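What follows is one structure encoded as structure tokens, with my remarks underneath.
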């Protein structure tokens, strides 16, 4: 196995894998906090890095039929949510190429004015 390549998009408020703290995205890529997964709240992001994707599968959801791929942390392989590849429902096209991250599986990190970081669980806000 080769060297694992990880990306970091920066940001003052970032989101990491809850299991292994791998960087995933930042607040500037947050599209919506109004989603729900089978495990609870979920957030939609326009860009997420350091994940791998599973096989594309059709899935019937509350908002219609979509082609989605499960997404997994590149480091620890924890399933974190899913990627919207395509939708068949008019008005849902904004989700295409976006990623849902389940809130219970991510950690929010905020940099303060002194450039130190404080980690908090997203669920504890």
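Residue numbers (the numbering used here): 112 to 236.
Glycine included, each C-beta is placed from N, C-alpha and C at the ideal position.
All values reported here derive from a predicted model rather than from experimental measurement.
Bridge partners - residue i, DSSP secondary structure assignment
{"i": "residue 148", "result": "151"}
{"i": "residue 189", "result": "Note: residue 189 sits in no beta bridge, so no partner."}
{"i": "residue 117", "result": "DSSP, once it has assigned bridges, lists no residue as partnering residue 117."}
Check whether residue i and residue j have beta carbons under 7 Å apart
{"i": "residue 155", "j": "residue 142", "result": "yes"}
{"i": "residue 195", "j": "residue 204", "result": "no"}
{"i": "residue 179", "j": "residue 191", "result": "no"}
{"i": "residue 185", "j": "residue 162", "result": "yes"}
{"i": "residue 146", "j": "residue 217", "result": "no"}
{"i": "residue 189", "j": "residue 150", "result": "no"}
{"i": "residue 198", "j": "residue 177", "result": "yes"}
{"i": "residue 126", "j": "residue 120", "result": "no"}
Which of helix, strand or coil DSSP assigns to residue i
{"i": "residue 236", "result": "Unreliable placement is indicated for residue 236, whose pLDDT of 40 sits below 50; the coordinate value is still reported in the next sentence. It is coil, neither helix nor strand."}
{"i": "residue 213", "result": "strand"}
{"i": "residue 196", "result": "strand"}
{"i": "residue 206", "result": "helix"}
Unbroken beta strand (DSSP E) run spanning residue i, endpoints
{"i": "residue 136", "result": "134 to 137"}
{"i": "residue 128", "result": "124 to 128"}
heavy atom of the ligand PLP below 6 Å from residue i C-beta
{"i": "residue 209", "result": "Looking for the ligand PLP in the displayed structure turns up nothing, as the structure carries no ligands at all."}
Q: Entirely within the stretch 153 to 185 and at least 3 residues each: give me those beta strand (DSSP E) ranges in chain order.
A: Complete beta strand (DSSP E) runs here, min 3: 162 to 164, 168 to 172, 175 to 184.
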